[in-house]
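Working notes, structure below.
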Amino acid sequence: RWLSGFRSPPREVFIVHGEGEVPNLFAKVVEKEYGWKTTVPEYLTRIALSTDA
Numbered sequence: 001r002w003l004s005g006f007r008s009p010p011r012e013v014f015i016v017h018g019e020g021e022v023p024n025l026f027a028k029v030v031e032k033e034y035g036w037k038t039t040v041p042e043y044l045t046r047i048a049l050s051t052d053a
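Take the sequence shown: its position 50, counting from 1, is numbered 50 in full-length UniProt numbering, and each next residue is one higher.
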């Protein structure tokens, strides 16, 4: 429900918490319900974030 509070959609949602298949299942729900791009990074993966709009 907290996701519906966004005024504008994020460019990408990173799912970084959860065990087993839970993060992947949650990512699929976000993609289906909101149409947002999601990523479930592997443990210890580094991701460079940009401030470009």
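Backbone N, C-alpha and C fix where the C-beta goes; we use that ideal spot for every residue, glycine too.
Determine the DSSP secondary structure at residue i, reduced to helix, strand or coil.
{"i": "F14", "result": "strand"}
{"i": "S4", "result": "helix"}
{"i": "P23", "result": "helix"}
Using DSSP bridges, identify the partner residues of residue i.
{"i": "T39", "result": "F14"}
Using beta carbons (cut-off 8 Å, strictly below), is residue i in contact with chain C?
{"i": "V22", "result": "The displayed structure is made up of one protein chain only, and chain C is not part of it."}
Which whole-angstrom value describes the C-beta separation of residue i and residue j, a residue pair presumed to lie in contact below a C-beta threshold of 8 Å?
{"i": "V30", "j": "W36", "result": "6 Å"}
{"i": "residue 79", "j": "F6", "result": "The requested residue 79 is not part of the displayed model; the chain covers only 1 to 53."}
{"i": "Y43", "j": "L3", "result": "Y43 to L3, Cβ: 24 Å. No contact."}
Taking its Cβ as the centre, do 16 or more other Cβ atoms sit within 10 Å of residue i, making it buried, or is it exposed?
{"i": "A27", "result": "buried"}
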